[in-house]
Amino acid sequence: MENGNYRHTVRQLYDFIQSHLYFNRPDIRVGGEQFNSTLLFTLLTALTGGKALIIGEPGLGKTTAAEYAGSLLYQLPVGTVWASEVSGHPEQTEEKIIGRPDLGKLNQGQEEVVWSHFVQLPVKIVDEINRLPETKQSMILDGVDRGNWEYLNEMILNSEYCLFATANYQDQGTNTIIAPLLDRFDVMVESRYPGPSFAFMISQRQEKEGLLRHPDLEQELQEALKKRLATEEKETRIGAVSAAFGAHLEESLQLPTLDHSSRQNVRKQISAISLDQDANAYTRMLLAELSFCDRHGQKRSTDVCEEGCHYTGYLCHRLSNCASNRLPVSLTNYAKALAWFTDVSAVGIEQVRAVGPYCLAHRAQWTDTHLSLLQKDRRNDPLQIHLAREAVNEVYRRYNEQAEHVKKALATAYRIFQGESLEPVAGDHPIYAEIRKDLSLEG
Amino acid sequence: MFNPYEDFKDFLSRVKNLPLDRLAAEHDEIMAEMAAGYGKLVEQELKSLVWFVEHNRVIEAYKTATEVINTLSYDAHSIEDFCYVLDSGSDIPYLISGPAGIYIAALCNHVPDEKIVLRLGEMERTLHFLGYRLPYGKSLRIEGDAGNFTGSALQGGEVIVTGSSGDWTGAGMTEGRITVRKNSGRNTGEWMQGGEIWVDSRIRGLGRISSGQIYQAGEAIAEVY
Chain A
1 MENGNYRHTV RQLYDFIQSH LYFNRPDIRV GGEQFNSTLL FTLLTALTGG KALIIGEPGL
61 GKTTAAEYAG SLLYQLPVGT VWASEVSGHP EQTEEKIIGR PDLGKLNQGQ EEVVWSHFVQ
121 LPVKIVDEIN RLPETKQSMI LDGVDRGNWE YLNEMILNSE YCLFATANYQ DQGTNTIIAP
181 LLDRFDVMVE SRYPGPSFAF MISQRQEKEG LLRHPDLEQE LQEALKKRLA TEEKETRIGA
241 VSAAFGAHLE ESLQLPTLDH SSRQNVRKQI SAISLDQDAN AYTRMLLAEL SFCDRHGQKR
301 STDVCEEGCH YTGYLCHRLS NCASNRLPVS LTNYAKALAW FTDVSAVGIE QVRAVGPYCL
361 AHRAQWTDTH LSLLQKDRRN DPLQIHLARE AVNEVYRRYN EQAEHVKKAL ATAYRIFQGE
421 SLEPVAGDHP IYAEIRKDLS LEG
Chain B
1 MFNPYEDFKD FLSRVKNLPL DRLAAEHDEI MAEMAAGYGK LVEQELKSLV WFVEHNRVIE
61 AYKTATEVIN TLSYDAHSIE DFCYVLDSGS DIPYLISGPA GIYIAALCNH VPDEKIVLRL
121 GEMERTLHFL GYRLPYGKSL RIEGDAGNFT GSALQGGEVI VTGSSGDWTG AGMTEGRITV
181 RKNSGRNTGE WMQGGEIWVD SRIRGLGRIS SGQIYQAGEA IAEVY
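So the sequence lines, in the order shown, correspond to chains A and B.
My numbering puts the first residue of the first sequence at 1, with every later residue one more than the last.
My numbering puts the first residue of the second sequence at 1, with every later residue one more than the last.
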């Protein structure tokens, strides 16, 4: 299948979910097209093997959006996806999430692990993750991050997986999601109220879940997952059932889907897309503001940003934590995926700005002063996404004012790095100070 | 250690070609060529201190103008720009309204565009002979006032003047249509052989009409067949 055909297939999947399964208003505009951010980012997450945190009020389609995207992108009947979901609650245990000893074998003195469906399947959904107590959230840290799941002395490595976690807004039964776990999510989106008309339409389309069900294939998958087989053999069996489900979708709904090798090809294509120089320089400028501290060398959640600093006009003054290295990874991966999805040959600032708020929202810890200033703003987004969007736009304005100067500074830094005797380009932005640090010209 | 600024390796060495710079350079080149063509015409015509409007002299000047513009590459917008170059006088040694107008008329008649708009309202001087010999299939819209001999010897084209035109409007025209939104001067339609002249307001004086129609404020005031 050629590039355009893969894209066409994925666009068909987006359109199918939008018109048959997940009804909501468009709330994001990219390249002249309007999309629904929840649907767009769940699809891109499934496509790229990312991790998405979907927040929202109860009953507004957080879990179902993930289920549909996961089911269609990975050719899994939705019943199998349901069976593999982990629900967050205080009594949740490692044995239910990851795996348990095979009790029969244990009685015979053998130590074998029965892995959960959640661990084995590529589509992983943790429902209401913030109902997991903080101590239990750390159980899924490694698996979430690297796809490796350990129990007793055994380990499973997922070669291909995506993860969705849903979270309701804070109430009596919820806990805070620990910062290391939050940081591991590439994006955070809100599944919003669709408006009364779409909500009414949802009530009229109650048969929609049946579209992605296939009890026979679900049973076959169940059998394959239960069997203790070599990894390759198990993957082959799951792959065969997935292919059968893909054929069923094509036949019954005229909906083509992607098999494992097609998904791998799409990922290669996405990975090959590069950032243009403006997107590159703008991203560096954004990262500089999210991590810079003139007084303490870098942002640290333990340090307090004092008034009177020269850089109080920049984002660093309003933040209490430092951007992690996962942020630029998420930013570039999703910007590339968006460029691929919208058929753009290189990532530009538009794509970075489009994904930026969703990559930053859950990672940025804003100071109380900043929160109190902006929380009463008129907005459509939840506060965290709103704040992140404002930040991304603010840096964009600054970049626009000095784009050529910033690029010149970065180009000059390249030459100094190569050994040329030049003076670094000076300017009033953390990026210039960071460049000097890279060149060992500043302590 | 790898260079973290590798992506900007070629930024400083890249020569930036702004589209505006290219367009400005092309525009300057066209204006220079047009000015040079006009210079040749003036050289030919400046044999005496006074340029008399004589039938043969006009024909001769038009012929010369046609020859000098033969190799020029320009469009309708360039003609308007050149009118302002003429008006500013900075690059033009002698502006003689007669030859200048004939030169503009020759440019209009040979430009590939069928519709030509000259927004001359801001010009300090008035050009004569605009629309001279405008052929069939072309239309010339002059926004502002036009000088004497507007649309003279018209050959089937359409001339519209949104302001007023001077004396001898449509003189010797054979076919086509001239519309003047305000007034026209003396001898309007002198020796005209055919076609129509429509003047919305006042006609200061009619010429001797051989054939054709002249209308004032929508009413026929001269119809000679």
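The beta-carbon is built from N, C-alpha and C at its ideal position, and this holds for glycine as well.
What are the start and end residues of the beta strand (DSSP E) that includes residue i?
i	result
arginine 29/A	28-30
cysteine 162/A	162-167
tryptophan 82/A	Run containing tryptophan 82/A: none in the beta strand (DSSP E); it sits in the alpha helix (DSSP H), 78-84.
glutamine 277/A	Per DSSP, glutamine 277/A belongs to no beta strand (DSSP E); it is in the alpha helix (DSSP H), 277-291.
lysine 115/B	115-119
serine 139/B	139-143
valine 471/A	This structure cannot speak to residue 471/A, because chain A is shown only from 1 to 443.
valine 126/A	123-127
alanine 220/B	219-224
alanine 52/A	51-55
Name the residue from the options whose alpha carbon lies nearest to the alpha carbon of residue i.
i	options	result
aspartate 10/B	Tyr432/A, Leu439/A, Lys51/A, Leu410/A	Leu410/A
tryptophan 191/B	Ile209/B, Lys115/B, Gly205/B	Ile209/B
glutamate 150/A	Val119/A, Ser261/A, Arg131/A, Gln384/A	Val119/A
glutamate 29/B	Ser73/B, Thr126/B, Gly156/B, Ser139/B	Ser73/B
lysine 208/A	Ser242/A, Ala279/A, Leu253/A, Val406/A	Leu253/A
isoleucine 116/B	Val159/B, Arg186/B, Thr169/B	Val159/B
proline 194/A	Asn5/A, Glu404/A, Gln18/A	Gln18/A
isoleucine 129/A	Ile97/A, Leu157/A, Gln108/A, Leu21/A	Ile97/A
isoleucine 495/A	Thr342/A, Asn380/A, Ala279/A	Examination of residue 495/A is not possible in this model, given that chain A is present from 1 through 443 alone.
isoleucine 435/A	Leu157/A, Gln418/A, Thr412/A	Thr412/A
proline 58/A	Leu21/A, Thr174/A, His260/A	Thr174/A
serine 191/A	Ala165/A, Leu255/A, Asp216/A	Ala165/A
leucine 444/A	Pro180/A, Gln137/A, Leu121/A	Not covered by the structure: residue 444/A. The range shown for chain A is 1 to 443.
leucine 141/A	Tyr68/A, Tyr399/A, Leu182/A	Leu182/A
threonine 126/B	Val111/B, Trp168/B, Gly98/B	Gly98/B
glutamine 532/A	Asn107/A, Leu212/A, Gln34/A, Ile177/A	Residue 532/A is absent from the structure shown; chain A starts at 1 and stops at 443.
glutamine 155/B	Ser165/B, Thr162/B, Gly170/B	Gly170/B
histidine 110/B	Leu118/B, Thr150/B, Pro135/B, Met123/B	Pro135/B
leucine 39/A	Arg295/A, Ile55/A, Asn321/A	Ile55/A
isoleucine 238/A	Glu220/A, Ser345/A, Tyr432/A, Asp27/A	Glu220/A
glutamate 6/B	Ile431/A, Ile416/A, Arg131/A	Ile416/A
tyrosine 225/B	Glu219/B, Gly218/B, Ile214/B	Ile214/B
aspartate 428/A	Tyr399/A, Gln418/A, Leu72/A	Tyr399/A
Quick check on the DSSP output: the alpha helix (DSSP H) that includes residue i runs from which residue to which?
i	result
glutamine 204/A	196-204
glycine 104/A	103-107
valine 68/B	55-68
glutamine 402/A	383-417
serine 71/A	62-73
glycine 157/B	No alpha helix (DSSP H) contains glycine 157/B, which is instead part of the beta strand (DSSP E) from 155-161.
glutamate 250/A	231-253
phenylalanine 41/A	37-48
arginine 263/A	260-272
arginine 146/A	141-146
glutamate 94/A	94-97
Rounded C-beta distance between residue i and residue j? I'm assuming under 8 Å.
i	j	result
valine 86/A	tyrosine 358/A	Wrong, their Cβ atoms sit about 23 Å apart, outside the cutoff.
phenylalanine 185/A	lysine 51/A	5 Å
alanine 106/B	tyrosine 62/B	6 Å
alanine 83/A	isoleucine 125/A	With 8 Å as the limit, alanine 83/A and isoleucine 125/A do not qualify as a contact, their Cβ atoms being about 11 Å apart.
aspartate 167/B	arginine 186/B	4 Å
valine 144/A	leucine 132/A	That belief does not hold up - the Cβ atoms of valine 144/A and leucine 132/A are roughly 12 Å apart, past 8 Å.
valine 266/A	leucine 258/A	7 Å
valine 30/A	threonine 342/A	6 Å
Going by the C-beta, is residue i closer than 7 Å to any heavy atom of the ligand FMN?
i	result
proline 77/A	Looking at this structure, you won't find the ligand FMN or any other ligand, since it has none at all.
For this session: Say whether the stretch 58-68 of chain B touches the stretch 21-31 of chain B, bearing in mind that this needs 3 or more beta-carbon pairs closer than 8 Å, one atom from each stretch.
Result: no
Exercise. For the stretch 83-92 of chain A against the stretch 41-57 of chain A, are there 3 or more C-beta pairs whose distance is under 8 Å?
Worked result: no
Exercise. Name the residues in the stretch 380-413 of chain A whose C-beta lies less than 8 Å from a C-beta of chain B; which are they?
Worked result: Lys407, Lys408, Leu410, Ala411, Thr412, Ala413
For this session: Below 7 Å between beta carbons is the criterion; list the residues of the stretch 266-281 of chain A that meet it against any residue of chain B, in chain order.
Result: Gln277, Asn280
For this session: Could you please tell me which residues of the stretch 423-443 of chain A, in chain order, have their CB closer than 9 Å to any CB of chain B?
Result: Ile435, Asp438
Problem set entry | Interfacial residues, the stretch 222-248 of chain A to chain B, with Cβ spacing under 9 Å | none
Exercise. Can we say the stretch 316-336 of chain A touches the stretch 275-287 of chain A, given the rule of at least three CB pairs closer than 8 Å?
Worked result: yes
Exercise. Listed in chain order, which residues of the stretch 351-380 of chain A have Cβ atoms closer than 7 Å to some Cβ of chain B?
Worked result: none
Problem set entry | Cβ pair count under 8 Å reaching 3, the stretch 388-395 of chain A against the stretch 354-369 of chain A | yes
Problem set entry | Validate contact between the stretch 293-301 of chain A and the stretch 9-27 of chain A using beta carbons, cut 8 Å, 3 pairs | no
For this session: Indicate whether the contact test is met: 3 or more Cβ pairs, each with one atom in the stretch 285-296 of chain A and one in the stretch 309-319 of chain A, closer than 8 Å.
Result: yes
For this session: Would you check if the stretch 208-218 of chain A and the stretch 20-32 of chain A touch, i.e. whether three or more CB-CB distances between them fall below 8 Å?
Result: yes
Problem set entry | Interfacial residues, the stretch 1-15 of chain B to chain A, with Cβ spacing under 7 Å | Asn3, Pro4, Tyr5, Glu6, Asp7, Phe8, Lys9, Phe11, Leu12
Problem set entry | Segment contact, 8 Å Cβ cut-off, at least three pairs: the stretch 324-334 of chain A with the stretch 367-382 of chain A | no
Problem set entry | Short-range partners of chain B found in the stretch 298-325 of chain A, where Cβ spacing is below 8 Å | none
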